[in-house]
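One structure is given here, and the rest of the page talks about it.
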Amino acid sequence: MRIAFAVAMLVATGRAQERYVEAPARTVPVIDRVDIVVVGGNEGGMAAAWNAARQGARVMLLNETTFLGGEVMTKDRFDELQQGPKPTTEFSKALLRETSASRYPVVAAKLLLEAGVTFLYNTRHGGVLIDDQNRLCGVVTANKAGLQAVIAKVVIDATPAGAVAEAAGARREPWRVETLRVSRPRRAADRKTREMIEQDAPMTALTWAAINRAEHALRETWHTYANPPFAHAMNFVLPAALVGSATWEGAELPKTAKLDLGVLRPAGTERLYVLSSAASVSREAARALMHPVTLSEIGERVGMAALQEARAATLPTPGTVRVKTAAPTADTLPALAIRQLSEAERPYRARQRETVSQARDAIPVWAEYDVVVVGSGPAGHAAAIAAARGGARTLMIEQAGFIGGNVALGIKGFWRGYRHGFNQEWRGKGDPQYARLLREAKVDVWYHSLAMGAVMRGQTVAGVEVATWLGRGVALGKVVIDASGEGDVCAAAGATFFYLNDGDLCLEEASFMGQKRASSGSDGKNTRDRRDLYANSLPADPIDIAGFTMHHVLAARGGGTQNFPMAQIRETRRIKGDWVIDERDVNAGRTYRDVIAVSASAFDPHGFYSSDYSFAGLMPMTKHVRDRDLTVYVPLRAILPAGLENIMAVGRCYSTTHDVQAIMRMNPDVLNLGYAAGHAAALCIKNGTTPRTVDIHALQRHLAEIDILPADKLGELTRDLPPPTDAELRDAAQDPANPTNLLTLARGEQAACQPLRDALARNPTVATAKALCLLGDPAGVPLLTAWIDETPIADGPAYDWEGFLSVPELDGAMWVSAIPRDRRATAALVRKLQQCHAETSFNTLRSVLMALGRIGDPAAAPALAEFLRKPGVRGHRDTGTQPVSVESAQFSRAMIELFAAAALFRCGDSEGLAREILMAYLDDWRGVFVRFAGYTLEGR
């Protein structure tokens, strides 16, 4: 099918490309020093990396997606493998005879790893490095951690347009076309057949806005899953090549072995190759070159040529390398500056890290909108639709090659949730309607655009910096909505956030839908069973780029397939807002004057709980209660990052505790919350306000009109719940064993301590002692620890994703006894620990170990060291070799080892044992473990 169409050019695009935003001077951490760095994971780049590495070169490949195969997988060109040239070389035969879309990326990763190639997923072209002689000596890559550098002797640009080469000084032939022929296969509306869509897209210049208008026009207007085969990107041949050291003008490409590699070496550059349609050949020959087989086999030749050049070159000495920055043709916009994250590809490293300097830079403005939404998951696309419907010119930025977030990754149905309002329109009568609604609202979409910086005017967010295969650019916005999942823009802007629950290693599991899991048989070999990696699966850390890469590789290797392009993540960063919704708010049904959404679900942690309130007996209603939902209200102030203006955070990253987030992350509820944020943004544009000063009554009236808020209850919901009175606290203190009374006391905070002390003096009960400890009052410690001493450890389950929906009494008491950090609790906790071993229930071990670490009493160190030396407690670190390390049976043991080591470290250590264990875990592949170990070693 061929579609011809005309699209109006973005109003601001023409002059926006001439404007710049300042990126202040900074240092950039170095990932590694290598012989060869390949930017881009197409078949040519992979082949070059593979061939050079197996000959002994040190090679790193930087890949945009969370799977390998930039032509076959990314563009769904599997049909073409049955046509055209047949594989003849070792790499092409090993990879390109694999025609199963779910097997292909597994085979590709295996080939690279076996050859010794290091590769990273979800990282983009961010610039180039030069030495003190202005010679190319590596690249900058951009990802969710910020910017990092790879110093290299040779650079191979395998990105779609040769943008790395251009940044290094390569020249491009003049752009002489008005349109660009693009194509993409897709699943037809009947979901059964595939169709090839072609179009002549308006393209008077190679701009990111124009590329994405063409990309979006090829996309489905109906829901489709992103499971393979799925085209994440359109296919095209550039009309303007880079000027090469040699040129081929013939229409027919020479045979692979006879092609002059000078056509892949840009003129005027050194130690640089290009493996894309930017090669200096005729456009007909470029089309032939980009056939996956041909590209792969030419890539093998390039790998050998690059290896020979690398052997003749030397790496620059430390201190002589810097990021290449180009002076802009126009001044930067006044009062604006970009803030970026500054983490490395791993959050902590055992060895000292090298850095390179980046002088003040200027990033081009690619577009300007009223509202910029980052993330296209349920909350993000709902926000974009609402903002656009409200009259705001709206851009939605998506890091991947598909929209829909977890809906496209396999979860399109509703599990519980407040099923009213926008989510009902979204749901339609069958499949989700978001693709059609976005098109009807005229939302612009940028695919393959990773938000990695915030444009700031003081503490006001004024736009987003994105990293793409075309380079880095800025989208200015009067209001920004962060629905990135990780709160990336908020974090870059300087927002306070919670991660791993401030050192508790508590994070909800990540899932791989339909992904078979590996299980360890009695002979130690991996065998497959019928369970998948939906549950009892390791939490993911997408900000640890190296660990996140290995997470996908091992999950796919264990099951033999990669069934979806990326993990489904339930929790990462949670942004601290003007209000943090906690368990007291949930249990009390707290209402707010600025309420904007309703959640109706139940506690579903996919892992363990972490709240002091949950341990004390105030765990919110769990999913085991099936006949009703827990109703929770969301105030506007919970989506406003504290200390920042003109930005809202929605989705799974807004301002809640861990235990509350496990209730409020369900699709129906984040859809409605996203819509509320989007409409609030539109009102801000219309009235010239900020989100903090938005007309809250107009917003609430609209939300009630469309049933996101219940109109018949609006008066009672839009009032702040008052704190408990002194009389209510005195009454509650008489019987804190009653959950309602305990909740009243918890809400009273320090005002409840004196009534509880009085009650303890009159009638000392364990419940009263426990309530005092919950409030941080040590008066309850002696009685509570006496009860702990006399209470035997009960048998309990191993780690299970559904095994944390109640709190055993002893576990709760041990945890709560440590809240006052009173060392009088140490002895009882130590005696309990001495009764434990590697097979004691996970929750009991976690409770006693975390309690001892919280108190930090050196008197506990001998017992903690003794526990660590018991059989089965130590030795669970994995550096990336075992697929079973993503499964709970293995990672839960590593967690216990880490809990014990952290507790010992916080108690002063014992002959360096804790430090030894924690330092070893800095080399574990699992990002959540690296982050926890590093966090502990920093003394936090």
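The opening position of the sequence shown corresponds to residue 19 in this note's numbering, with each subsequent residue numbered one higher. Think of the CB as a built atom: it goes at the ideal place given N, C-alpha and C, for glycine as much as any other residue. Note that the structure is a prediction, hence the values are computed from the model and not measured.
1. Looking at the unbroken beta strand (DSSP E) that takes in residue 108, where does it start and where does it end?
2. Three Cβ pairs or more, each shorter than 8 Å: is that satisfied between the segment 482-500 and the segment 659-673?
3. Is the segment 325-336 in contact with the segment 92-111, if contact means three or more CB pairs nearer than 8 Å?
4. When the Cα atoms are used, what is the spatial distance from residue 984 to residue 57?
5. From residue 542 to residue 550, what does the alpha carbon distance come to, in whole angstroms?
6. Which of helix, strand or coil does DSSP assign to residue 239?
7. Thinking C-beta only, is residue 191 closer than 8 Å to residue 258?
8. Which of the three DSSP states, helix, strand or coil, is assigned to residue 53?
9. Could you tell me the alpha carbon to alpha carbon distance between residue 544 and residue 208, rounded to whole angstroms?
10. Would you mind working out which of 622, 534, 214 and 610 sits nearest residue 582, comparing C-alpha positions?
11. So the candidates are 292, 275, 144 and 569; which of them puts its Cα closest to the Cα of residue 189?
12. Residue 155 by DSSP, collapsed to three states: which one?
13. In the DSSP assignment, the beta strand (DSSP E) including residue 164 goes from what residue to what residue?
14. The beta strand (DSSP E) that contains residue 425, what's its start and end?
15. Could you give the uninterrupted runs of the alpha helix (DSSP H) lying entirely in the segment 439-496, keeping only those of 4 residues or more?
16. Does the contact criterion of 3 or more C-beta pairs under 8 Å hold for the segment 708-717 versus the segment 416-433?
17. Specify the secondary structure class of residue 218 as computed by DSSP and reduced to three states.
18. Count the C-beta pairs between the segment 478-493 and the segment 430-438 that are closer than 8 Å, then say yes if the count reaches three, no if not.
19. Please look up how many angstroms separate the CB atoms of residue 504 and residue 560, rounded, as I've assumed it's under 8 Å.
20. Roughly how many angstroms separate the alpha carbons of residue 221 and residue 301, rounded to a whole number?
21. Would you call the segment 905-920 and the segment 938-958 in contact, with 3 or more CB pairs under 8 Å?
22. In whole angstroms, give me the CA-to-CA distance for residue 906 and residue 43.
23. With a floor of 3 residues, list each beta strand (DSSP E) that falls wholly inside the segment 508-577, ordered by position along the chain.
24. DSSP three-state call for residue 657: helix, strand or coil?
25. Would you mind sorting residue 895 into buried or exposed? The rule is 16 or more other CB atoms within 10 Å of its CB.
26. Any idea if residue 466 is buried or exposed, counting beta-carbon neighbours within 10 angstroms, 16 or more meaning buried?
27. Are the CB atoms of residue 746 and residue 762 within a distance shorter than 8 Å?
28. Determine, using beta-carbon pairs with one atom in the segment 70-90 and one in the segment 199-214, whether at least three such pairs fall under 8 Å.
29. Counting pairs of Cβ atoms below 8 Å between the segment 274-292 and the segment 449-463, do you hit three or more?
30. Please state if the CB of residue 507 and the CB of residue 553 are separated by a distance shorter than 8 Å.
31. Can you look up residue 229 in the DSSP assignment and give me helix, strand or coil?
32. Per the contact definition of three or more C-beta pairs closer than 8 Å, is the segment 851-858 in contact with the segment 881-893?
33. Please check the pair residue 626 and residue 305, which I expect to be a contact at CB under 8 Å, by giving their CB distance rounded to whole angstroms.
34. Any idea which residues DSSP pairs residue 414 with across the strands?
35. By Cβ distance below 6 Å, which residues in the same chain neighbour residue 253 in space, the five residues on each side in sequence not counted?
36. Taking DSSP's pairing of strands, which residues face residue 143 in a bridge?
Looking at the coordinates:
1. Note, residue 108: premise wrong, no beta strand (DSSP E); alpha helix (DSSP H) at 108-114.
2. A contact exists between the segment 482-500 and the segment 659-673.
3. With a cut-off of 8 Å on Cβ pairs, the segment 325-336 is not in contact with the segment 92-111, counting fewer than three such pairs.
4. Given that the chain is displayed from residue 19 to residue 958, the structure contains no residue 984 and the question cannot be resolved.
5. Residue placement at residue 542 is flagged as unreliable, the pLDDT there being 35, under the threshold of 50; the coordinate-derived value follows with that caveat. One C-alpha to the other measures close to 20 Å.
6. In the structure shown, residue 239 sits in coil (DSSP, three-state: anything other than H, G, I, E or B).
7. Note that the C-beta distance between residue 258 and residue 191 is below 8 Å.
8. Of the three classes helix, strand and coil, the one that applies to residue 53 here is strand, per DSSP.
9. Note that residue 544 scores a pLDDT of 42, beneath 50, so its modelled location is shaky and nothing firm can be said.
10. Answer by Cα proximity: 534.
11. Answer by Cα proximity: 292.
12. Reduced to three states, the DSSP call for residue 155 is strand.
13. Residues 164-175.
14. Following the DSSP letters along the chain, one finds residue 425 in no beta strand (DSSP E), marked with neither H nor E.
15. Listed in chain order, they are 440-445 and 452-459.
16. They do not touch, by the three-pair rule.
17. Strand, per DSSP.
18. No: the two stretches stay apart, fewer than three of their Cβ pairs being nearer than 8 Å.
19. In this structure residue 504 is in contact with residue 560, their Cβ atoms being roughly 6 Å apart against a cut-off of 8 Å.
20. In a straight line, the C-alpha of residue 221 is about 16 Å away from that of residue 301.
21. Yes, since at least three Cβ pairs between the segment 905-920 and the segment 938-958 fall closer than 8 Å, the two stretches touch.
22. In a straight line, the C-alpha of residue 906 is about 44 Å away from that of residue 43.
23. You should have 528-538 and 544-551.
24. In the structure shown, residue 657 adopts helical secondary structure according to DSSP, grouped into three states.
25. When all chains shown are included, residue 895 counts as buried.
26. Buried is the label assigned to residue 466, since at least 16 other Cβ atoms lie within 10 Å of its Cβ.
27. Result yes, Cβ atoms of residue 762 and residue 746 sit closer than 8 Å.
28. Between the segment 70-90 and the segment 199-214 there are fewer than three C-beta pairs closer than 8 Å, too few to call the two in contact.
29. Because the criterion of three Cβ pairs below 8 Å is not met, the segment 274-292 and the segment 449-463 do not touch.
30. For the pair residue 553 and residue 507, the CB atoms are not nearer than the 8 Å cut-off.
31. For residue 229, the secondary structure class from DSSP, reduced to helix, strand or coil, is helix.
32. The segment 851-858 and the segment 881-893 touch, with three or more beta-carbon pairs separated by less than 8 Å.
33. Not confirmed; about 54 Å, so no contact.
34. Within the DSSP secondary-structure output, residue 414 pairs in a beta bridge with 391 and 463.
35. Counting only Cβ-Cβ distances below 6 Å, and skipping sequence neighbours, we find 93 and 201.
36. In the DSSP output, where bridge partners are listed per residue, residue 143 has 159.
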